[in-house]
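Inspection log for the structure reproduced underneath, given as C-alpha cells.
Numbering (this note's numbering), first residue to last: 2 to 718.
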C-alpha cells in the first residue's frame, strides 16, 4: 500500500504534541536523578579544584621565573622562526583567532571585514531612511495571560498540568550559566572570606590577561581591598556594630541593638515614650534590698514579660501585658507594686482602716492563693502584709484577717464586692490596681463586678487622658492611680474596660498572643466514644513515657469523678478538681499534686487558668475544650518556665467548631505536626460562622463563677 500523507502528518502532529506536553516525574525518580546530579556535580567540582590547583601552581612558577628574570618556557610548541605571540591591546580584543568583527583573522587581515562593515552600515542607513526604523511586528498578546487575569484562580488539590517537574533534569536548563558579579560588597562584615576570595580571583584574571602591567594592577586591587576592609573593621569597632548586644555596656547600646534584643526575646511594645527593656536584674532599677530577695528566691534571669513590663511599671505608666501562660507574669507585676508601696508611709492606727495600698484581682480562688503565696516571698522580708479574700471562707474570718490592715489584697471580684457592700473593706487609699487573667474574668461574667470595684476607687487621683499620662517624670511627681491588666488574649470586653479605666496605656506583647508556647508539643488523635478514650488513656499512662504529675482535662464536672475512678482502677493515684468541691477539698487536691503524693489530677477548666503545678510533663484533653482560648490555657499547664512538655488531645465529631482554629494553632507551632485526619477534615478547612446570641457559658465552670466559687450568688467552678 502507498504511504498515506495525511496519516503521516497526523502521526507527526501527535508526536510533536506529546513531546510538547510537560512530563511528570514521580518523586522517587526525581530524588534518584537529584542524587545522581549531585554526585556528578561533586565529581566535577573535585576535577575543577584539581585543575585550578594545577593552574595556580603553573602560574606561581611563571611569576617566580618572571620575577627572577628568566624567560618562561614556550607553551604552544611554536616552530623556529615563527613570529612572536602578540601581547598588545589588539591581541587582547581577539578571541581564538577572531577579530573585532567576529570573522576569521585571515579575512580581517585582507580588509574584507572593514569593507563589509561599511556596506552594512550604508544599507542600514538607506533602510531606515526609506522604510523607517525597524519595529517588532510580533504581537505580544497572550491568551493564557488573558485567561489568568479574567478567570478566578481556584484551588486545585492535584498537581498543575502546566508544571513540568522534569525541568530540573533537562540538560537544556542545566547548561545555563549564572552571571556572578565581582562586587566587593560585604567588606569588613561577616563575608570577609568570600569577599577576599572574589578579590583574589579578579586580580588573577587581570594578571593573566594583561601580560605587561597585569601584575601591578592585581597588586593594586588587593591593596585597595585590604585598605577598605581595615577601614570597615575600624568603623564597625568604633560604632559598635560589630559586637553583639550581650557584649556591650548599657551606655553603648544603640537603637539597632535594642531592636535585635527585642527580636531575640519576642518583645513587641506599643505606646508613646516606652522605656527600653532591662537586659538583666542589675539594670532593672529595682532597689538593692528587693534585688537581694529576688536572688534569694531563685530568679536568675528575668523572663521576657518581666524584661519588658518592669521598666514600664516603674515609670508609673498604665500597662497592658499580653503574654502566654506560664511566662512569669506574677513577678512582673509584684515587684513594681512593692517598689510603689515602699515609697508610701507605713500603715498605722490612723490609716490601717482606709484600705490597702495595692489591689490584685484574679478570676479563681486557686489563682488568688497562688499569687498570695508568691507575694509573701517578697512582701514578708520587706515588712508588708498580704491578705487574700476568696469565696469558700466565712466573711468573719476574712474580716479578722483585715483587722490590722494590709498593704496588699489579693481577691476574686465577687467576694471583694461582697466585702465592699457589707462595709468590711474600703478602698480609700488604694491607688495601684492589677487585674491578672483579665480575659478569664470577663469570660466568667465578672465585668459588672470589676466595674463596681474600679468605681469604688478614689477619683481625685486619676491620670489625665492626655500626653501627660506618658510623661514619666510628671507621673512620678504625684500619686496617681496606676492600673495594669495582664492577659493572654484581648477580647472586645477586655478592650472596653481598658479604654474606660486605663490612661494612655503602654502595651507589651510577648510572642504571639493566643498561641501556645513552643516548648509544648501538641498531639491530636481522633477517638470517638468514652470507652475507646479510656483505653487510649490507659495505654498512654502505661507507656511510662511521662513522669507524674499529669493533668487530665474534661468538660463536665460529673465526668471528673468517673474518669478519676477509672484511672484509679488502672493502678494510679488520682484526685479531682471542679466547682462542686469545697474550698478545703480544692486546696487539698492541689496540695497533693504539688507535693508529689498524687500522680494524676483530673479537672475541668477551673485548673486551666493560672494554676501553677511544677514539672507537669503531660496534659491530656480527654474532652476538647469548648474554645481555642481554653485549649491554649490547658496546654499551658505544661512546658512552663522554659521546660518542655507534651499535650495530647482526643477529638470527636462534636468538636467541629474548634477544628479550624486548632489546625491553625498546630500549623504555627514549630514542634507540632498537623495529622492527616485533621488536615483533611471538612470542618478544619474554613472557619465556622456562628450565629448571634451571647457567648456560651463554660460548661466546665458549672455556669460561670462570680468569685471563683462560694461568693455571693454562688458561682461555682
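In this text, a Cβ means the ideal position worked out from N, Cα and C, and glycines have one as well.
A straight line joining the alpha-carbon of residue 8 with that of residue 26 spans about 31 Å. Here residue 357 has 407, 408, 409, 410 and 431 as same chain residues with Cβ atoms under 7 Å from its own Cβ, once five neighbours each way along the sequence are excluded. At the C-beta level, residue 623 and residue 487 stay beyond 8 Å of one another. Around the C-beta of residue 265, fewer than 16 other C-beta atoms lie within 10 Å, and the residue is accordingly described as exposed. Contact between the segment 505-512 and the segment 300-320 is present, with at least three C-beta pairs closer than 8 Å. Rounded to whole angstroms, residue 341 and residue 598 show a C-alpha spacing of 39 Å.
Its Cα nearest to that of residue 494, the residue 441 stands out among 543, 400 and 441.
Sequence-distant Cβ neighbours of residue 662 in its own chain, meaning closer than 7 Å and more than five residues away, are 629. Between the alpha carbons of residue 233 and residue 261 lies a gap of roughly 21 Å. Looking at the DSSP output, residue 581 bridges to nothing. Within the DSSP secondary-structure output, residue 616 pairs in no beta bridge. Each residue's CA atom was taken as its position, placing residue 443 and residue 368 some 15 Å apart. Residue pairing for residue 524: DSSP places it in a beta bridge opposite 649.
If you draw a straight line from the Cα of residue 568 to the Cα of residue 602, it comes to about 10 Å. In this structure, residue 282 sits near residue 303, with a CB-CB distance shorter than 8 Å. Residue 385 sits in coil when the DSSP states are folded into three classes, being neither helix nor strand.
If you ignore the 5 residues before and after residue 600, its C-beta comes within less than 8 Å of the C-beta of 549, 550, 551, 573, 574 and 575, all in its own chain and listed in chain order.
8 Å or more divides the Cβ of residue 224 from the Cβ of residue 215. Secondary structure note for residue 502: its alpha helix (DSSP H) is the uninterrupted segment 493-502. In this structure, the straight-line span from the alpha carbon of residue 43 to that of residue 275 is close to 54 Å. Around the beta-carbon of residue 414, 16 or more other beta-carbon atoms lie within 10 Å, marking it buried. CA-to-CA, the gap between residue 520 and residue 269 works out to about 20 Å. Under the 8 Å Cβ criterion, the segment 615-622 counts as touching the segment 634-644, having at least three qualifying pairs. By a beta-carbon distance limit of 8 Å, residue 428 contacts residue 458. Their separation comes to about 5 Å. Judged by DSSP secondary structure, residue 362 falls within the beta strand (DSSP E) whose first and last residues are 359-362. Under the rule that a run must span 3 or more residues, the beta strand (DSSP E) segments found entirely inside the segment 204-272 read 268-271.
Taking residue 647 as the centre and dropping the five residues before and after it, the same chain places the C-beta of 522 and 619 closer than 6 Å to its C-beta, in chain order.
When rounded, the separation of the alpha-carbon atoms in residue 581 and residue 554 is 16 Å. Per DSSP, residue 486 is one residue of the beta strand (DSSP E) stretching across 483-488.
Non-local C-beta neighbours of residue 308 in its own chain, meaning closer than 8 Å and more than five positions away in sequence, comprise 266, 268, 278, 279 and 280, ordered along the chain. Residue pairing of residue 433 in beta bridges, as defined by DSSP: 359 and 483. For residue 568, the uninterrupted alpha helix (DSSP H) run begins and ends at 558-570, by DSSP.
According to the DSSP assignment, residue 508 belongs to the beta strand (DSSP E) that extends over 507-511. The residues 311, 314 and 315, in chain order, have a CB closer than 7 Å to that of residue 337 in the same chain once the five nearest residues on each side in sequence are set aside. If you compare the alpha carbons of 218, 226, 211 and 222 with that of residue 194, the shortest gap goes to 226.
Annotated three-state conformation of residue 660 is helix, per DSSP.
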